[in-house]
Amino acid sequence: MPRTRDYPGARSANTYAEGMNHHILSVLVQNRPGVLARVAGLFARRGYNIFSLAVAPAEVEGRSRITIVVDLDSAPLEQITKQLFKLIDVIKISELDPELSVERELLIATIKAEAMQRSEVASLVDIFEGKIIAVSEAVITVSLEGHPNKLDDFEDLLGGYGIVELQRTGRVALPKLDRGSRLRAVN
Amino acid sequence: MTEPAAPERITGAQALIRALEYENVDVMFGYPGGCILPAYDPLMDSPIRHVLVRHEQGAGHAAEGYAHVSGKPGVAMVTSGPAATNLVTPLMDAYMDSIPMVAITGQVPTAAIGSDAFQECDTVGITRSCTKHNELVMSADEIPMAIRQAFHIATTGRPGPTLVDIPKDALTNEMTWQWPTDEEVSDSLPGYRPNTKGHQRMIKEAAKLILASERPIVYAGGGILKARAAEALRELVELIDGHVVTTLMARGAFPDDHPNCLGMPGMHGNATAVTAMQQSDLLIALGARFDDRITGKVDAFAPDAKIIHVDIDPAEQGKVRRPDVPIVGDANYVIAEIIREIKEMLQGGARQADISAWKSQVSGWQEQFPMTYEPSEPGAQLKPQFCIEQLNERAPEGTIVTSGVGQHQMYTSQYWKFNEPYTWVNSGGLGTMGFSLPAAIGAKAAMPDRTVWAIDGDGCFQMTATELVTATLEKLPIKVALLNNNFLGMVRQWQEMFYDERYSEVFLDSSNVPDFVMMAESMGCVGILVESPEEVGPAIEKANSINDRSVVIEFRTDAAEGVFPMVPAGASNSDLILHPTQQDRAEVLKPAPKPVDTKLKDGH
């Protein structure tokens, strides 16, 4: 039985609250068994929680890129970055400044939507430029890709209808191109 | 060794043993069992000496002892499951103390992995956080590369333990022998590029700070020994004519009989070393990691000191104390560069600041606060410090000393005069009781011509004493000085000082059970019991004269004796507790009051 989660008026627990000190680490690793356990183990050992994590093969064969979002002060962040870099399978670590990077995330959610509400939900999805993936008599499954903040807003609004199940991928991020490279890309 | 011309088909097990030979392994320590069985067959035909221990933990510590004194990686080979878990303690010990060590463990066949097979455990999972790197090899072909990587990683950068887990079918299957080149090894580890050269601008900055310092202290850590930098250290210290402290891991890195040596700092360091660090204006940390046993309360540690921190591990920079000049590099290289810079500056007309006032202050402390203990009353039990002094006095040239963990370890570090590097082997970071005996066996295997004394307590000894059988049967005669005070001495001391003398579970009753002399003799050793001061010297002489068997001398020592000086855990180094006979002059160690800012006063 799918459970319905109630979202209180405040922002949901997995959004970036004000004053939260979040950092994005982009970690290039050798794609080998156990590498994720090594990386995650380092955070666990020091008692730091990973807020979100996305892993997939990178542009070069045999390499993966892990995007980790953590909530930390800068001093422990420096230490954990250095410790991460000591892992033999870690090739490169960049801390991405949210101001200077592009971030994307994907959300899929199944929402309560009886015939009466269906069009309301559909129009909400439309406003956010999301997609409707599946529809049944009582529920509707939608998807949205975009900046994590946009997903937060979307999630809040969906909460009003009743979320049956929701899954977000965790953010992925890359550095923003500087103006020069943007122009080069255009020309 | 030459490469055969035609591709050669051999088993994974043969490839493993050949790979170890190619890595110049001459001695390894191990214990066979089900899954590692195939590897023990080609070992019979190999020139590698295998020391058969009596417990896998012993194999690990012996490999550490071997590595400590030889500088070469120690090798331990054991089977899967319980054998692998028995290696966890030595691996963590080696990781904490940066000892190069390669562990080879058997694993259940690849098809059985994950099925809860007999003697299966997730060895790489369990040892992930206590190795510098570990690897599960899934086929015979991967063995040579895995072994090369393991040795490369264990011995370069900041040394540490590595582990290669090899399933039984990878050992029995055939493969085409191929020994990877240096380049192939490097290419296979794109994320591993230890930095050995320090940053030149930082090195210059360090030289400037050193010349400007009026109260410099060289804080030498275990990294000096790992980097084979004892010579360079001495040159630097003599060039600036400053003082040096050698941490527990660095005893012997600088000769104790040198006039510039202040000995060991830290929780049980001598008063001069602790106070000189505390009041210094510049700490030159070389291969040291600002361990809590050195700093005491971090916020109150060496408050006026600028920090030059030389370490090959970038993660040590700023981990505990933010350095003014961080230098990531090999200690030997960086020290040589600092010396070069200083000499250049001096030739260019720079002058070193006057450190003479500081030096006379330090020697004043040395005169007033020598290491001290009260000799035992006639008929009373022996003082452990007296036993250590006697052992030291009668030790042949080049004697290697190993120790366990606790009071006896501190007494040894305090009272033994270490004048040569690589003569002191102990468990510093992890504090592993039972370390000394197997480590002594490993040290003896590496240096068969040296006398090896394992100084142990009655608690530690009972943890790994079974390895005396190994010493006897493998003809690796060691000498054990067992300081038997009937108690877990260090824990007892803490209960005495911090738990209102409520002695909970620290009485071992070791003068009653076991009979250590019989125990030693039952394992093929000579056992000697010493109870009075006049027997101490002759017993040690006798032990030193026996070279065909191991010797255990049991010294009955005074349980009431405590280790002093002492900085209680979490306290500031300024609040160290002196030996009771020196407490009347504690004021001498207090820093001079800072000149009062009169302007501020007037403003009130």
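The listed protein sequences derive, respectively, from chains L and U.
Remember, our numbering sits 1 above the position in the first sequence when you count from 1.
Remember, our numbering sits 3 above the position in the second sequence when you count from 1.
Where a beta carbon is used, it is the ideal one built from N, C-alpha and C, also for glycine.
Under a criterion of Cβ atoms nearer than 9 Å, the residues of chain U adjacent to L:R46 are, in order, S132. Chain U has no Cβ within less than 8 Å of the Cβ of L:E138. When 8 Å is used as the limit between beta carbons, L:D90 is near these residues of chain U: G194, in chain order. In the structure shown, the three-state DSSP call for U:K597 is coil. Only D316, P317 and A318 from the stretch 297-319 of chain U bring a Cβ to less than 8 Å from some Cβ of chain L.
Proximity of L:Q118 to chain U, defined by a Cβ-Cβ separation below 8 Å, is not satisfied.
Shown here, U:V408 sits in coil according to DSSP, grouped into three states, outside any helix or strand.
Only buried fits U:A546, as 16 or more other CB atoms lie within 10 angstroms of its CB.
Residues of chain U with a Cβ closer than 8 Å to the Cβ of L:E79 are, in chain order, G321. U:E26 and U:R151 have their C-alpha atoms some 8 Å from each other. Within the stretch 106-134 of chain U, contact with chain L at the beta-carbon level (separation under 8 Å) is assigned to V127, G128, R131 and S132. Residue burial annotation: U:S535 is exposed, with fewer than 16 other C-beta atoms found within 10 angstroms of its C-beta.
Scanning its chain for C-beta atoms nearer than 8 Å, with the 5 sequence neighbours on each side dropped, one finds around U:G540 the residues Q393 and R397, in chain order. Bridge pairing for U:G460: U:L486 [DSSP]. For U:H271 against U:Q417, the beta-carbon gap comes to about 7 Å, under 8 Å, which counts as contact. Annotation: the continuous alpha helix (DSSP H) that includes U:K229 extends over G226 to K229.
As the crow flies, the alpha-carbon of U:L440 is around 12 Å from that of U:Y69. When DSSP states are grouped into helix, strand and coil, U:D260 belongs to the coil group.
C-alpha of U:A22 to C-alpha of U:H246: approximately 45 Å in a straight line. With 16 or more other Cβ atoms from the protein chains shown falling within 10 Å of its own Cβ, U:D100 counts as buried. Closest by C-alpha distance to U:T82, out of U:I556, U:P103, U:I169 and U:E187, is U:I169. In the three-state scheme derived from DSSP, where H, G and I count as helix and E and B as strand, U:F567 is classed as coil. In this structure, DSSP gives U:E477 a state outside helix and strand, which the three-state scheme calls coil.
U:V78 sits close to U:V28, with the two beta carbons spaced by under 8 Å. Within its own chain, the residues whose Cβ lies closer than 7 Å to the Cβ of L:L145, once the five positions on either side in sequence are excluded, are L108, F129, G131, L152 and F155, listed in chain order. Contiguous alpha helix (DSSP H) elements confined to the stretch 259-292 of chain U occur at 274-282, taking only those with 4 or more residues.
When DSSP assignments are scanned along the stretch 150-186 of chain U, the uninterrupted stretches of alpha helix (DSSP H) that are 4 or more residues long and fall wholly within it turn out to be 171-175.
Residue pairing for L:Q31: DSSP places it in a beta bridge opposite L:R64. Listed along chain U is no residue with a C-beta nearer than 9 Å to that of L:R172; the closest approach is about 23 Å. In the structure shown, U:Y43 falls within a helical segment according to DSSP collapsed to helix, strand and coil.
By the Cβ-count criterion, U:S363 is exposed, with fewer than 16 other Cβ atoms from all chains shown falling within 10 Å of its own Cβ. No Cβ of chain L is located within less than 8 Å of the beta carbon of U:I358. Taking a Cβ-Cβ threshold of 8 Å, the residues of chain U close to L:G42 are R131 and S132, in chain order. Using a Cβ-Cβ cut-off of 8 Å, L:R66 does not count as an interface residue toward chain U, since no Cβ of chain U sits closer than that to its own.
Secondary structure at L:E79: helix, using DSSP grouped into helix, strand and coil. Residue state for L:F44 is assigned as helix, using DSSP reduced to three classes.
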